[in-house]
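> Counting from 1, one number per residue, gives the positions in the sequence shown under full-length UniProt numbering. Here a beta-carbon is modelled for each residue, glycine too, at the ideal position from N, C-alpha and C. Predicted model only: the values in this text are computed from it and were never measured.
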Amino acid sequence: MFEHLEAIEFKRLGGNEFKYKEKKEDEKETSSSDKEEVVFQALMELKGVGLWLCSIVLAGLSGDAKVFLEMRKSDGVLSNPSLLNLDSSICGVMMEKGCVLKDVKELKDSATFLAVVIAGKNSSDAAEELRRKMGVFEKMLDGLGKEVNLFFSEVLAWRNQLLDGIRFRK
């Protein structure tokens, strides 16, 4: 049953899979009013914060801080000074302690331990421990998925309200 079990290795993500492209000034659409410009700037800030948060989560799940560090290098992702301070703090923690989520590290350690125990033919307790940890991790991921879906639904609702307000004014 466990013959093909190997220790979990973190997969390194491709270098060009997660990029942020900022519009050049000459490509930027001109706004017809100051209110539209404010809304546009707010949406760009929201987009940057969303990409920044995704890079943090992706780095934690993959165990590779490269995605987060590449996102930090992108111009215009974060422009809010208070977020820049938070970004510096998060970067410091990632560089000092690594970026693997505690739960992901525990699963990796359990799988490695299980592989060693299986080689010694005494695997029932280790397998049960790994199964328990994977169940907890699965529930956490399900909860995260539900929260992401709820947040996405709220963002779409806000977007639709904004678009309806713009259409109504025209």
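#1: Does the Cβ of residue 151 have 16 or more other Cβ atoms within 10 Å, making it buried, or fewer, making it exposed?
#2: With three or more beta-carbon pairs closer than 8 Å as the criterion, would you say the region 104 to 117 touches the region 126 to 133?
#3: Whose C-beta lies closer than 8 Å to the C-beta of residue 31 among residues of the same chain, with five residues either side of it excluded?
#4: Quick check: what's the CA-CA separation for residue 146 versus residue 116?
#5: Thinking residue 94 and residue 65 are a contact (beta carbons under 8 Å), I'd like their distance in whole angstroms, please.
#6: Output the boundary residues of the alpha helix (DSSP H) element that contains residue 63.
#7: Helix, strand or coil: how does DSSP classify residue 79 here?
#8: Given this structure, state the Cα-to-Cα distance separating residue 129 from residue 56, to the nearest angstrom.
#9: Buried or exposed, going by whether 16 or more other CB atoms sit within 10 Å of the CB of residue 71?
#10: Between the C-alpha atoms of residue 47 and residue 119, what's the straight-line distance to the nearest angstrom?
By the coordinates alone:
#1: exposed
#2: yes
#3: Low local confidence applies: a pLDDT of 43 at residue 31 is under 50, so the model's placement there is unreliable, with the coordinate-based value given in what follows. 37, 40.
#4: 35 Å
#5: 5 Å
#6: Note, residue 63: premise wrong, no alpha helix (DSSP H); not H, not E.
#7: coil
#8: 28 Å
#9: buried
#10: 49 Å
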